[in-house]
Amino acid sequence: MLTYSDNDDSVMDESNDVAISAWTSDTASPLATPVPELLVHILLFIINGGAHYKKWKHVVRYASVCRYWREVVLRAPMLWRNLGIENGTSHQRLRMFLERTQRTSLNLEIHFRDDLEAPVDLDLVYPEMKRVQHLRAVVYSGFEYDLPDTKFDMPMLQTLEIESVARVAPILVSSQHSLPSLKSLVMRDVPLTEIVPFFRPSITNFQMLLEPPSGDMRATTIDILHSLQSLPRLERLQLSYCFTDGAVVPDEMLPSVTLPDLKALDLDDDAQFVAEILGHLVIPFAALLGSSELKDNDTTGLRCTGDIHGLRRVLAALSSKLLGERIIGQVATDGMGKVSITVQEMGASEIHVDGVRLLSHALWPGHGLGKTAGPFLSLIITSLSAKLFPRLAELRVVTSSPDNQIPADVLTGLSYLEALTVSSKSGWDRLVVNAHDVTRARSGDGWHEDARPNSLPFPRLRRICLVSPRLRSRSSRSSPRTMNMENDFDLIWLLKRMLQMRMEAEFPLSELTLVRPHDLLDSDMAVLGQFTQVKLAYSI
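If you count the sequence shown from 1, position 83 lands on 794 in our numbering, and the numbers rise without skipping.
Shown next as structure tokens:
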């Protein structure tokens, strides 16, 4: 029987974790009382949308709102199916929840902590293991030697998630049974050898996440690829720091794995491993871009670090995928999307396709390319297939170390560029306008009809965004007269010449955005506005 203590009004108090507030004849019910089915669905939506841990507290709270809610909540077994167990969890609460579930499926979350005074007691739950649908177990350091040895058949189990700070094998579930309903395996700091026995063809979500340094927890590329062959229905694959360092394996020795239903791919590891896995997966093209239901673009995708050789390999593997190699179905030329490159600090960059981050990678310290963007961009351009150049539509350079020139291969690879965003500290604002001046000097004062498309840098460029540009030098700022005097070194006048040159060559810019510009005069907007639309902004 449910009880309520008049001495403790807090249903959130651990010492009173089964309290459901009583009501009196004066307790008001809501003016609008949704039908029980609708109220239950609303409450389930709220409960399932919250954090994993201690969902049971929501149910106790809802049952204490009013007479009507209490009646509905107590008669809805599905609201009571979330069981949270940790050190010291009372038998009273467990018994109440188990009774209220009325034999429906259970969602069980257990936290094993090192607490000798209040051990984790699962005696009441053991007889109900056959109806566990979702199991999440978190094992903290110090408890790995006192875990339950008993294994159970769980025919209804759909999700198995083990988070093992102590790096133990999955617990409570027996891998000797068929587990016909298993769809999701999420393993944190669990060795691959302990996970493989739970692989079933029914699994659609597999995540193996290790925290570096993982030491002997890691596996070889061959082992992982062979294991993935047992999961033909995967829709989401996430591997993080799973690769063990070792000799590079020849491609012909690595098996191919076909995953026709894959919707989201997430790899975070050494570039060599990412390249090998990516190159030997046969997947739909859409899996690279992910699914809005399965993929968070801020945290997932392809992420890697490594030396120059490793990054060349991963970029080559990515090129092959973008061009349709080992891709299920055809990749339409127009459907592949536009590719953008972002170059950041210290040899780090990102590659996006249609706004979706596809790859982020960084060179190890001491890579030998320096801190500037030019050599690193050259590495990227020469590693990608030339067939991708028509898709390289956007470049963002946000480094703080200035370049002294744009490498020739970068100009070639970015000849189809449509949009360019550069920071003032990168020096690329002046490099771009100076490239036009050099072209003008080579071509003379006029443009020959047959020379314009070939001579003009970035002939398809339509949008430029300059971040914190310093439009005038210190000497030009010394007096109002020199501020407005056209010269050959202030960025404002170089921009004017570039815009005018592109207009004369019939390749005008459609938009110039100045983000937090320094030393901008009102008259500058009119000067630049003769040749393009000029916008001011405070952020990119």
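We treat Cβ as the ideally placed atom computed from N, Cα and C, and that holds for glycine.
Since we're looking at a predicted model, the values are computed, not measured.
* Taking only the alpha-carbon atoms, compute the straight-line gap between P1219 and H1072 and give it to the nearest angstrom. => P1219 and H1072: Cα-Cα distance of roughly 34 angstroms.
* To do: Classify G795 as helix, strand or coil using the three-state DSSP reduction.
  => G795 falls in the strand class under three-state DSSP.
* Asked: For the ligand NAP, any of its heavy atoms closer than 7 angstroms to the Cβ of A1119?
  -> Only the bare structure without any ligand can be found here, which leaves the ligand NAP out of the picture.
* Through-space distance from A1237 to V1144, alpha-carbon basis -> C-alpha separation (whole angstroms): 19 angstroms.
* In the DSSP assignment, find the unbroken beta strand (DSSP E) run with Q949 in it and report its ends. => Note, Q949: beta strand (DSSP E), 947 to 951.
* **Candidates L896, D1148, M1209, of which the one nearest T915 by Cα** => Out of L896, D1148, M1209, L896 has the C-alpha closest to the C-alpha of T915.
* Just tell me which of E874, M840, D934, S938 has its CA closest to the CA of L890. => Distance from the Cα of L890 is smallest, within the candidate group E874, M840, D934, S938, for M840.
* To do: Could you tell me the distance, in whole angstroms, from the CA atom of L1103 to the CA atom of K1049?
  => Their backbone Cα atoms lie some 6 angstroms apart in a straight line.
* To do: Tell me, please, whether the stretch 990 to 1000 touches the stretch 1025 to 1045 by the rule of three or more beta-carbon pairs shorter than 8 angstroms.
  => Contact holds: three or more Cβ-Cβ distances are below 8 angstroms.
* Buried or exposed: D980, going by 16 or more other Cβ atoms within 10 Å of its Cβ? -> With 16 or more other Cβ atoms within 10 Å, it is buried.
* Look up A1073 in the DSSP assignment and say whether it is helix, strand or coil. => Three-state DSSP puts A1073 in a strand.
* To do: Flag this pair as yes or no: are the beta carbons of N818 and R792 separated by less than 8 angstroms?
  => It is a contact, given that the beta carbons lie within the stated cut-off.
* For L936, count neighbouring C-beta atoms within 10 Å of its own C-beta (all shown protein chains included) and say buried if the count is 16 or more, exposed if not. => Around the Cβ of L936, a 10 Å sphere holds 16 or more other Cβ atoms; the residue is buried.
* N-terminal and C-terminal residue of the beta strand (DSSP E) that K1246 is part of -> Annotation: the continuous beta strand (DSSP E) that includes K1246 extends over 1244 to 1248.
* Cβ separation of I873 and R899, assumed to be a contact under 8 angstroms, to the nearest whole Å -> Right, the Cβ-Cβ distance comes to about 7 angstroms (below 8 angstroms), so this counts as a contact.
* To do: State yes or no: is the C-beta of A880 within less than 8 angstroms of the C-beta of E905?
  => Taking 8 angstroms as the cut-off, the Cβ atoms of A880 and E905 count as close.
* Report the option in K1098, H802, V1245, S1179 whose CA atom is closest to the CA atom of D832. => Ranking the options by Cα distance to D832, first place goes to H802.
* Asked: When DSSP labels each residue in this structure, what does P995 get in the three-state scheme?
  -> Note: P995 maps to strand in three-state DSSP.
* **M1212 classed as buried or exposed, judged by whether at least 16 other C-beta atoms fall within 10 angstroms** => Answer is buried; the Cβ neighbour count reaches 16.
* Boundaries (first-last residue) of the alpha helix (DSSP H) holding Q803 -> Residues 802 to 812.
* Terminal residues of the alpha helix (DSSP H) in which P1233 lies -> The sequence shown places Asp at residue 1233, not Pro. D1233 -> alpha helix (DSSP H) spans 1233 to 1240.
* Asked: What distance in whole Å lies between the Cβ atoms of L883 and F863, which are believed to be in contact at a cut-off of 8 angstroms?
  -> About 6 angstroms separates the two Cβ atoms, so the contact holds.
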